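Written below as structure tokens is the structure these notes are about.
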Amino acid sequence: MAVQADENTNKKGIIYGLDDVPKPFSKALGLSLQTILTMFGATVAVPLLLGPQLGMNPVQMAVLVSACFIAAGVATLLQVSIGTGLPIIQGTSFSFIAPCLAIIASTDAGGPGTMAYISGAIMAGAVVEAIIGYSGLMGLLRKFISPIVIGPTITLIGLGLYEAGAPQAGGNWAISIIVIVTVLYFSLMSKNKKLSLFPILIAVVIGYLVALAGSLTGIIEAGAPGYVDFAPVRNAPWFRDIKTLILPWGVPKFKISYILAMFAAYLASTIESFGDYFSMADVSGAPKPTTKQINKGIGSEGIGCFLAGLFGGFANSSYTENIG
């Protein structure tokens, strides 16, 4: 059952509480789309970063990205329904990039073969994470995990996004600056309450229209960062082959050194999620998460990560960017 918002919700400037439904439907749809766009960049970035390292071709890359989104959607549903009950988006985590790169560097099994090892490590680590959650261990550790531990952990993970975000933004600084300024204006300075609900959605639309105009007029050359090319979308199939939905890279392979490397990332991810639970409760006007909620949240994340390995994607974690 969803956690009820407390009586101070309005005092905190919250427009919609946990159990409120935005009306009309068009507004709810817009807010939902904005939520997806907020997590879209990071969720796509991880497979786009690791795919080339795996030597994957465009078709395999499409399967990898698709797997990550399917896993993120399922994991989010689990978190909301059987986890904390808080609206915490789950998505592909940057915490797992380092162990994945280590696995890639230590094997020459090729893209699908290496992904089989990565999937095995993800699934094994996920089982341990689920056990930590449902055994009650995570709730018992809450007294030892203070803001001094949570703050630096989330900060370091956030700073790790620079490696992915800055090079991509640097491909076309003009469009990047337009998007950044638009987000800042509508989220911080706009007096229009309706438009201030959609800063990211508006920024993405404006940035895309600028890129499209530049592409059509020849200002942005074909193949350059920011160029809008409809050919890949036009030629891509509408639906994935159902046969590739489960274990697209073959049967998972397990190697103890890979599992241990992945488990270290799970520890960092767990601490990040612990902090995110409290942050989400605060910004949504909900009571502080109980020990039971924390245990169920970490347990559900373990199940979600196991399914991510089953779908052939990368491990998930709670998304801090969607909380803010």
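Heads up: the sequence shown begins at 83 in the numbering used here, then just goes up one per residue.
The beta carbon of each residue, even a glycine, is placed where N, CA and C say it ideally should be.
Nothing here was measured: the structure is a model prediction, and the numbers come from that model.
Straight-line Cα distance separating residue j from residue i
i           : j           : result
residue 301 : residue 259 : 17 Å
residue 327 : residue 149 : 8 Å
residue 350 : residue 295 : 42 Å
residue 312 : residue 297 : 11 Å
residue 229 : residue 219 : 19 Å
residue 409 : residue 382 : Nothing about residue 409 can be reported from this structure: the residues present for the chain run from 83 to 406 only.
residue 363 : residue 369 : 6 Å
residue 248 : residue 227 : 31 Å
residue 262 : residue 145 : 30 Å
residue 255 : residue 373 : 45 Å
residue 141 : residue 222 : 45 Å
residue 131 : residue 278 : 32 Å
residue 386 : residue 211 : 10 Å
residue 133 : residue 143 : 6 Å
residue 337 : residue 176 : 22 Å
residue 330 : residue 344 : 20 Å
residue 90  : residue 306 : Confidence in residue 90 is poor, its pLDDT being 41 and thus under 50, which makes the residue's placement unreliable; the coordinate value appears in the next sentence. Going by the C-alpha atoms only, they are around 50 Å apart.
residue 178 : residue 184 : 10 Å
residue 135 : residue 194 : 12 Å
residue 265 : residue 354 : 25 Å
residue 188 : residue 274 : 54 Å
residue 122 : residue 284 : 15 Å
residue 200 : residue 340 : 8 Å
residue 97  : residue 361 : 17 Å
residue 391 : residue 156 : 12 Å
residue 186 : residue 286 : 33 Å
residue 299 : residue 289 : 16 Å
Beta-bridge partners of residue i, as assigned by DSSP
i           : result
residue 172 : 400
Candidates the options: closest to residue i by CA position
i           : options            : result
residue 403 : 307, 384, 237      : 237
residue 379 : 137, 392, 275, 169 : 169
residue 291 : 120, 366, 253, 310 : 310
residue 205 : 339, 334, 122, 358 : 334
residue 160 : 135, 389, 393      : 389
residue 352 : 139, 215, 137, 200 : 215
residue 231 : 342, 250, 357      : 357
residue 384 : 192, 172, 186      : 172
residue 252 : 202, 308, 241, 187 : 308
residue 100 : 391, 365, 393      : 365
residue 325 : 394, 217, 155, 289 : 394
residue 110 : 361, 280, 241, 158 : 280
residue 139 : 217, 192, 102      : 192
Per-residue DSSP class, three states only, for residue i
i           : result
residue 344 : helix
residue 140 : helix
residue 316 : helix
residue 99  : coil
residue 234 : helix
residue 254 : coil
residue 300 : coil
residue 158 : helix
residue 199 : helix
residue 83  : Reliability of the predicted coordinates at residue 83 is poor, the pLDDT of 40 falling under 50, and no value is obtained from them.
residue 129 : helix
residue 377 : helix
residue 291 : helix
residue 264 : helix
residue 333 : coil
residue 108 : helix
residue 187 : helix
residue 353 : helix
residue 75  : Since the first residue shown for the chain is 83 and the last is 406, residue 75 is missing from the structure and cannot be characterised.
residue 223 : helix
residue 276 : coil
8 Å contact criterion, which residue i and residue j should meet: CB distance rounded
i           : j           : result
residue 396 : residue 166 : Wrong, their Cβ atoms sit about 22 Å apart, outside the cutoff.
residue 181 : residue 346 : 7 Å
residue 124 : residue 401 : 7 Å
residue 104 : residue 113 : 6 Å
residue 282 : residue 158 : Contact flag wrong, Cβ pair sits at about 17 Å.
beta-carbon residue i near the ligand ATP non-hydrogen atom, thresh 7 Å
i          : result
residue 99 : Summarising the ligand content, the structure contains no ligands, and the ligand ATP is consequently not present.
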